[in-house]
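S.K.:
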Amino acid sequence: MAEVVYFRFIALYYIFQCASSTSLQAKALHVFNILLDKLDPCDIQIIHDGAENINNIDWPSLSLPTKIMCRRENIYAISFIDIFKTRVALNNKFVIFLSGSYLDVRQANPGTTLDLEKWIWIALNYHEFYTEWTGRQFITGWNNVMTFVTTKVNRNRLGQVYFWAQQHLKLSILFISLENQHEVCTWSIMYEDKPKSNLNKHLSCRSERATNVFRTVQSIVLPSTKWCYDGKLKLVQSWLQEIKNPFDAKGNYFKSENILRIIFLAANETLNSKTVCHYKSKLIIESAPVESDETVTAVTTETSGYEFLTCYREEYISLKLYISPFKKLLWMTLVFSLIAIIISTTAYQYFAGYRKIHFAPWLFVLATIFEECGHLPLKIRRNWFFRVILGLWCIVSVVLTNCYNGIMISELNSPFATQRPSFFEHLLCDKLNTIDIPKMAKRLQAYAGKSNNHLAMIDPREEISKPIYDRIAWHFLMLYMLELNYVNNTDYSFDTYQVKELDNPFSSNECFHLLSLPRQYVSGYSKYPEFVEYIILSLRGDTILQMEANIFSKQALRSFNFLDPQHTHHPRGFRYSNHNQTAIQLQHSIENELIDCGKSVFIAKSGVVEAEFQFLERHYPTRKFYKGKDILEKISFGWQFTDRGISKLPKYFKAAIETGIYGRLRKEEIYQKSLHRTPVMKLKTEMATPFGLDGAISTLFILCGVVLFVASFTFMTETFFQSYVSKGSLICSLVNRMIKTFLK
0 MAEVVYFRFI ALYYIFQCAS STSLQAKALH VFNILLDKLD PCDIQIIHDG AENINNIDWP
60 SLSLPTKIMC RRENIYAISF IDIFKTRVAL NNKFVIFLSG SYLDVRQANP GTTLDLEKWI
120 WIALNYHEFY TEWTGRQFIT GWNNVMTFVT TKVNRNRLGQ VYFWAQQHLK LSILFISLEN
180 QHEVCTWSIM YEDKPKSNLN KHLSCRSERA TNVFRTVQSI VLPSTKWCYD GKLKLVQSWL
240 QEIKNPFDAK GNYFKSENIL RIIFLAANET LNSKTVCHYK SKLIIESAPV ESDETVTAVT
300 TETSGYEFLT CYREEYISLK LYISPFKKLL WMTLVFSLIA IIISTTAYQY FAGYRKIHFA
360 PWLFVLATIF EECGHLPLKI RRNWFFRVIL GLWCIVSVVL TNCYNGIMIS ELNSPFATQR
420 PSFFEHLLCD KLNTIDIPKM AKRLQAYAGK SNNHLAMIDP REEISKPIYD RIAWHFLMLY
480 MLELNYVNNT DYSFDTYQVK ELDNPFSSNE CFHLLSLPRQ YVSGYSKYPE FVEYIILSLR
540 GDTILQMEAN IFSKQALRSF NFLDPQHTHH PRGFRYSNHN QTAIQLQHSI ENELIDCGKS
600 VFIAKSGVVE AEFQFLERHY PTRKFYKGKD ILEKISFGWQ FTDRGISKLP KYFKAAIETG
660 IYGRLRKEEI YQKSLHRTPV MKLKTEMATP FGLDGAISTL FILCGVVLFV ASFTFMTETF
720 FQSYVSKGSL ICSLVNRMIK TFLK
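Numbering-wise (numbering that gives the first Met the number 0), the sequence shown opens with residue 0 and increments by one.
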């Protein structure tokens, strides 16, 4: 309690110092007696201008902790409240505006205009904050109750008090007289083209003493937010009508239109589509969500960039399937157990008097592993030690072999192990080194000189197998000259330049075909494919500076590598000079290459790749298509809500994303893009795939061949050794006879 009293005295002293005069009238206005009457504990904030008449109110009646600010201070010198250092979190905030020129009870002062917008801005945004790694983050209090205090004699002067009208505020005016009579008027938002509003317009007044002013203003039901949209989506008059099934594939609605219908009907708010938005509450759809200030609420919906799609796989023979059924620890335990069993049984056989019996413990254990019956002599079978050791091992071997066979059989029936490209780096056929870029620049100048002199770009006598920096320089200049033709297609200058078509002598089937569709046509002539255009644009700008400094980023090197003409960048049949060429023809050409499952990938934005993936997966079930794991030029997109105020629209939009409604509509929109598209061919599907040697079963024959080779080699070695030993013994006997004969 002592802290509260101390704080109150400090606040009063601050008011008296900020005011320009300390004279008090004989009778003060009962401002706080009225405003704080029957008021529950709440966060109270007083903003005043420090004028003379500020002292003529009942400051001693201020009985609750209050934050007082003088408007004449610099906004950055205001004391803000750290929410992490407060003990009580109060959801209700009561803001009181006091202007000395509007508190005269005897006569109205002519005075100047009062810009209340700055006061409102301080009350909304510069009161509480919390600290993050980016610095202070202020909390916007859209549910604040704000009251402007004035006297009845100054009622006609409210036309000089103005503020921004296109925002949702619980704003009221308290009219007081010396007789302790008061009247409360509430202001209502009106959507007009005028950005400013005076405080004497759109008022609804009442004289009630049953409740306090705070509850009276807080009970105001504000009109629903009126939003403005000036985007590309064309909204018809009936777009807001509720439909039975927003996921119906027969509907001609876009994803954004369905989401707008859902969230606006739930929030019961209005959306107008205009060329230019005058309202402060503005909606932006499918943009890069960048929160520039606290007035913008950005919601990220998806991340898009360049992805690739293919069904290419590189098969290879692997013997790993014979080891994969068991983990490493189990194999180690099994080997240790086998060694222990073989050593213990062999030692017992040797020291227990069974050494003359023809029995090999290791051979018996090996036979049980391969599910064969090993030879066990009668005396060995009657011995209790062999019964326990070998009997337990037989039980264990049955369990292990059955488990091993059950897991391995499925692997034997599967195709060969495959290796597929997962990242864009895996698509590169050759890589350019940093030290080769200056060489590439010199070759580019040499090719440019040949072009200016109308010489052949490539001398047929030269070898086609040029180094990578030479190939990229040639390709880069060819694309530049093709761009000149593209620009001049509209003014009959197509024959001005010698390069009319791109005939790539470096293309190789051993390298990936990086296919994409052109995005633009001029007079029927197509521009670069989309991925080629992205590479060229990514090399402009900072790349020139990097070449001068001889320091190159990883992105620049990757873009240069993608320009290697060993990679085919155009679909089959693509011609720059063919104005009769259509996008559907090129799409069919790419589809033909993809279903061959060769070294061809389709590269496009994430949404286009997803639509193509679903189409190919639906019409070609025998082909296993997949997408890459990385995304080039990744950008997040979403919706922006500017100055939402107390609107619940962003909340409903986030709920639509979290509950999966947005994602479901997104999938439906992607499906509708290829709904009426027909595949280029129908592949025959076999009911049962015949079993052949083009799978992992071939490894079994490989192992059999290896075992047969080892056995044959062992047999030959033993035969040779035995014959050598027999010949040696024969020679020794002959020598002995000769020696004996000589001695006789």
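No residue lacks a Cβ here, since even glycine has one placed at the ideal position from N, Cα and C.
Tell whether a beta-carbon distance below 8 angstroms holds between T296 and K225.
M.R.: No.
S.K.: Tell me the residue span of the beta strand (DSSP E) that contains R205.
M.R.: R205 -> beta strand (DSSP E) spans 202 to 205.
S.K.: Expressed to the nearest angstrom, what Euclidean distance is found between the alpha-carbon atoms of F744 and W638?
M.R.: Since the first and last residues shown for the chain are 0 and 743, residue 744 lies out of range.
S.K.: Classify P517: buried if its beta carbon has 16 or more other beta carbons within 10 angstroms, exposed otherwise.
M.R.: Looking at its Cβ environment, which holds 16 or more other Cβ atoms inside 10 Å, P517 is buried.
S.K.: For G304, which of helix, strand or coil comes out of DSSP?
M.R.: Here G304 sits in strand by DSSP.
S.K.: Counting only beta-carbon separations shorter than 8 angstroms, does A359 have a partner in chain B?
M.R.: In the displayed structure, chain B is absent; only one protein chain is listed.
S.K.: Using CA coordinates, which residue listed in N54, L375, A603 is at the minimum distance from F799?
M.R.: There is simply no residue 799 to check, as the chain begins at 0 and stops at 743 in what is shown.
S.K.: Along the chain, where does the alpha helix (DSSP H) containing E529 start, and where does it finish?
M.R.: Start and end: 529 to 538.
S.K.: Need the endpoints of the alpha helix (DSSP H) that H587 sits in, please.
M.R.: Where H587 is concerned, the enclosing alpha helix (DSSP H) stretches over 582 to 594.
S.K.: Alpha carbon to alpha carbon, how far is H578 from L501?
M.R.: Roughly 15 angstroms between the two C-alpha positions.
S.K.: Leaving out the 5 sequence neighbours to the left and right, which residues in its chain are closer than 6 angstroms to T400 when beta-carbon positions are compared?
M.R.: Counting only Cβ-Cβ distances below 6 angstroms, and skipping sequence neighbours, we find E370.
S.K.: Quick one: Cα of D114 to Cα of A654, how far?
M.R.: Cα-Cα distance, rounded: 38 angstroms.
S.K.: Locate the beta strand (DSSP E) running through Y228, then write down its first and last residues.
M.R.: Residues 225 to 228.
S.K.: Quick check: the segment 579 to 594 against the segment 665 to 675, are at least 3 beta-carbon pairs closer than 8 angstroms?
M.R.: Touching, no, given that fewer than three Cβ pairs across the two stretches are closer than 8 angstroms.
S.K.: Quick one: grab the DSSP three-state call for Q519.
M.R.: Coil at Q519, not helix or strand.
S.K.: Please go through the same chain and pick out, in chain order, the residues whose beta-carbon is closer than 8 angstroms to the beta-carbon of E632, but skip the five residues on each side of it.
M.R.: These residues qualify, in order along the chain: G304, Y305, Y533, S537.
S.K.: If you draw a straight line from the C-alpha of V395 to the C-alpha of S711, how long is it?
M.R.: Taking the straight line joining both Cα atoms gives about 33 angstroms.
S.K.: Which of the three DSSP states is assigned to G704 in this structure?
M.R.: The answer is helix: DSSP assigns G704 an H, G or I state.
S.K.: So, with DSSP's three-state summary, where would you put F475?
M.R.: Here F475 sits in helix by DSSP.
S.K.: With 16 other CB atoms within 10 Å as the buried threshold, where does F363 fall?
M.R.: Buried, since its Cβ has 16 or more Cβ neighbours within 10 Å.
S.K.: Here's the rule: buried if 16 or more other CB atoms are within 10 angstroms of the residue's CB, otherwise exposed. What is F335?
M.R.: Exposed: under 16 other Cβ atoms inside 10 Å.
S.K.: Under 8 angstroms between the Cβ atoms of L173 and I258?
M.R.: In this structure, I258 does not lie closer than 8 angstroms to L173 by Cβ.
S.K.: From I340 to S722, what distance separates their C-alpha atoms?
M.R.: I340 and S722: Cα-Cα distance of roughly 36 angstroms.
S.K.: Using a threshold of 8 angstroms, state whether the C-beta atoms of V212 and V183 are closer than that.
M.R.: Yes, the pair counts as a contact, with Cβ atoms nearer than the cut-off.
S.K.: The alpha helix (DSSP H) that contains F363, what's its start and end?
M.R.: From DSSP, the alpha helix (DSSP H) with F363 extends over 360 to 368.
S.K.: Is the Cβ-Cβ distance between L431 and Y479 less than 8 angstroms?
M.R.: No.
S.K.: Which residue wins for smallest C-alpha separation from R156, given the options Y129, Q180, P437, L198?
M.R.: Measuring from the Cα of R156, the nearest candidate turns out to be L198.
S.K.: To which residues of the same chain is S506 closer than 7 angstroms at the C-beta, ignoring the five residues directly before and after it?
M.R.: Only P564, Q565, T567 meet the Cβ criterion.
S.K.: Which value, in whole angstroms, describes the spacing of the CA atoms of Y125 and I138?
M.R.: Distance between the alpha carbons of Y125 and I138: 8 angstroms.
S.K.: Considering only the beta carbon of each residue, do C227 and K169 sit closer than 8 angstroms?
M.R.: Cβ atoms of C227 and K169: not closer than 8 angstroms.
S.K.: Could you tell me the boundaries of the alpha helix (DSSP H) in which L508 lies?
M.R.: Here residue 508 is Asn; the residue named in the question, Leu, does not match the sequence. That residue, N508, is in no alpha helix (DSSP H); it is neither H nor E in DSSP.
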